[in-house]
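Numbering-wise (numbering that gives the first Met the number 0), the sequence shown opens with residue 0 and increments by one.
Cβ coordinates follow ideal geometry from the N, Cα and C atoms, glycine included.
Keep in mind that this is a model prediction, so the values were computed, not measured.
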Amino acid sequence: MNISKYGDKLRQTMKPIILPEQKERFEEYYTRKAFRIERNMAGIIIAMQACMILIFSFRKGGPFISPRRIGYFSLYSMLLIATSFFLTGYINLVKSGRFHSVIILRRVYTCILFIWCIGITMLEQFGGNTIGVYCYLIPTIAALLLMEPLESVLFFSINWGVVVVLLFITGVNQENLFGNIINGTFVTFLSVFISIRYNRSVEAEFRDREIISMQYKKIQKANDKLHEMAFTDQLTGLHNRRYLMEKILDHFEEYQNKDCYLEMIMVDIDYFKQYNDTYGHLEGDVCLKKIADILEEYEQIEGTAAIRYGGEEFLLVRISKQPGEESRMEEALMKHIDSANIPREDTPWKKVTVSIGIWKGNTRELEKGENAIRYADKALYCAKSSGRNCIYRYNQEEFCRE
């Protein structure tokens, strides 16, 4: 029972925290997170190996006076060259965004470090020393280089197994053999523990960041949806009156400062109450949507917003740097609605028609943006008073003109 329990715990420990689909993002996350530390550590290793090479070069007898010195000199030179290649490739791969290749390069370099540790440890043994170098190098590797749990077990176990086999084969330092094996085994287990804890700590940090990021995106998406709903008329899908107030009129002074021109086109469906009474409110909603769809097409014109102003009244608002005299957007709109042929039998035209009132001019002609709406509304009143199904433009001198 206890064995099964510990087996489950071991499997849980070895199981990755991150999901397979997160692996690529994790590789990028960790590489960017550890880039500066690993780059600096590689620089320190290069400097230390260069110093050791110089020390051995200037020692009495030089670096080749004995097999042991040759071994040290060769290992220092090997690690210096390997680290230099690693650092160059590491920087280039990170800059090019090839993060999976960075992981492979790190594994190769880890193998080189283990080989170097084995070599240094054996040279220390030939000198009659303890395995002190091994005991501080291996935990350092565990604390600095990220490895997956299974990799940690394999790398550290194989590394220590090779050292033990070499100690028995060579027969060196027999008086310290038992103590070295006990200490080395303990350090190996400790290094595996450190490496796994480090791996799980980094993976847990990444997982938490992913969860927070996902939750933030959901909240942001919900906020964007709420924001959109706050400025959207739910029946027609056009902008609503709040949009008009906050996104256009509240910025009117900015438009004046930029010397912008304004077109305010107010559209009213003719005899819409009568349409509702005749065909019912559901059909009335359908009619509103059809007119709204036509108006929405005019939002493709730069600086134009289609707004449901209220009931059966709509606005087309256009802000531009050029006068709107040549656009004739209101005439195009009238023709567009006329050609839509939305049927009704209760008016002389036998189809849905609209009356349009407009105000056009420089924003500096107005004291405030609401005045443009007021003038367009007065022009609309003229259009409705003149029999409907027509366009009137507001003019201060004549009040309205067709």
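Residue(s) in a DSSP beta bridge with residue i
{"i": "D406", "result": "There is simply no residue 406 to check, as the chain begins at 0 and stops at 401 in what is shown."}
{"i": "A378", "result": "Answer by DSSP bridge pairing: none, since A378 is not bridged."}
{"i": "R307", "result": "F313"}
{"i": "T277", "result": "Partner(s): none; T277 has no beta bridge."}
{"i": "H226", "result": "BP columns for H226 are empty, so no partner."}
{"i": "H238", "result": "T231 and I306"}
Separation of residue j from residue i, as counted between CA atoms
{"i": "A371", "j": "R317", "result": "12 Å"}
{"i": "D223", "j": "Y108", "result": "47 Å"}
{"i": "S65", "j": "H99", "result": "43 Å"}
{"i": "E117", "j": "L145", "result": "A quick correction: the sequence has Ile, not Glu, at residue 117. Roughly 20 Å separates the two Cα atoms."}
{"i": "T169", "j": "I114", "result": "17 Å"}
{"i": "S73", "j": "Q48", "result": "11 Å"}
{"i": "E396", "j": "M213", "result": "Low confidence applies here, because E396 scores a pLDDT of 49, under 50, leaving its location unreliable and the question unanswered by this model."}
{"i": "C381", "j": "N388", "result": "11 Å"}
{"i": "G131", "j": "N172", "result": "14 Å"}
{"i": "L402", "j": "I119", "result": "Residue 402 lies beyond the residue range present for the chain, which begins at 0 and ends at 401; the question has no answer from this structure."}
{"i": "T303", "j": "F205", "result": "45 Å"}
{"i": "S95", "j": "F63", "result": "42 Å"}
{"i": "G403", "j": "L86", "result": "The displayed coordinates of the chain run from 0 to 401. Any statement about residue 403 would go beyond what the structure contains."}
{"i": "I16", "j": "L112", "result": "27 Å"}
{"i": "L18", "j": "E209", "result": "11 Å"}
{"i": "D207", "j": "E26", "result": "15 Å"}
{"i": "T352", "j": "T346", "result": "9 Å"}
{"i": "N175", "j": "T129", "result": "7 Å"}
{"i": "T184", "j": "N198", "result": "21 Å"}
{"i": "K32", "j": "F84", "result": "21 Å"}
Three-state class that DSSP yields for residue i in the structure shown
{"i": "S319", "result": "strand"}
{"i": "R35", "result": "helix"}
{"i": "T82", "result": "helix"}
{"i": "G360", "result": "strand"}
{"i": "I17", "result": "coil"}
{"i": "E366", "result": "coil"}
{"i": "M261", "result": "It is worth fixing the name first, because residue 261 is Leu in this sequence and not Met. Reduced to three states, the DSSP call for L261 is strand."}
{"i": "T187", "result": "helix"}
{"i": "P62", "result": "coil"}
{"i": "K383", "result": "helix"}
{"i": "T30", "result": "helix"}
{"i": "P148", "result": "helix"}
{"i": "P406", "result": "With the chain covering 0 to 401 only, the question about residue 406 has no answer from this structure."}
{"i": "T346", "result": "coil"}
{"i": "T120", "result": "helix"}
{"i": "T109", "result": "helix"}
{"i": "M0", "result": "For M0, the predicted model reports a pLDDT of 48, less than 50, meaning its position is unreliable and no value from the coordinates is stated."}
{"i": "C389", "result": "coil"}
{"i": "T87", "result": "helix"}
{"i": "T231", "result": "strand"}
{"i": "R196", "result": "helix"}
Option in the options with minimal Cα separation from residue i
{"i": "S354", "options": "I264, D284 and F205", "result": "I264"}
{"i": "K377", "options": "L74, Y197, Y393 and E369", "result": "Y393"}
{"i": "G70", "options": "Q124, C134, G178 and F25", "result": "Q124"}
{"i": "W358", "options": "I390, R38 and G279", "result": "I390"}
{"i": "Q255", "options": "S319, H238, R68 and F205", "result": "S319"}
{"i": "F271", "options": "Q299, L365 and K350", "result": "K350"}
{"i": "E37", "options": "N179, M77, V101 and Y308", "result": "V101"}
{"i": "L332", "options": "Y297, M244, G309 and E252", "result": "Y297"}
{"i": "R196", "options": "R240, L149 and S156", "result": "L149"}
{"i": "T30", "options": "L225, I90 and L53", "result": "I90"}
{"i": "N158", "options": "I54, M328 and F188", "result": "F188"}
{"i": "E23", "options": "R97, L243 and Y75", "result": "R97"}
{"i": "E262", "options": "R68, R373 and Y133", "result": "R373"}
{"i": "I80", "options": "G283, L53, I137 and I45", "result": "I45"}
{"i": "G309", "options": "L143, K246 and A291", "result": "A291"}
{"i": "Y133", "options": "C110, V164, N179 and I103", "result": "N179"}
{"i": "L122", "options": "S156, L53 and V162", "result": "V162"}
{"i": "R106", "options": "G283, S151 and R240", "result": "S151"}
Whole-angstrom C-beta distance between residue j and residue i, which should lie under 8 Å
{"i": "H335", "j": "I293", "result": "5 Å"}
{"i": "C259", "j": "T362", "result": "5 Å"}
{"i": "A221", "j": "S190", "result": "With 8 Å as the limit, A221 and S190 do not qualify as a contact, their Cβ atoms being about 46 Å apart."}
{"i": "L314", "j": "L243", "result": "7 Å"}
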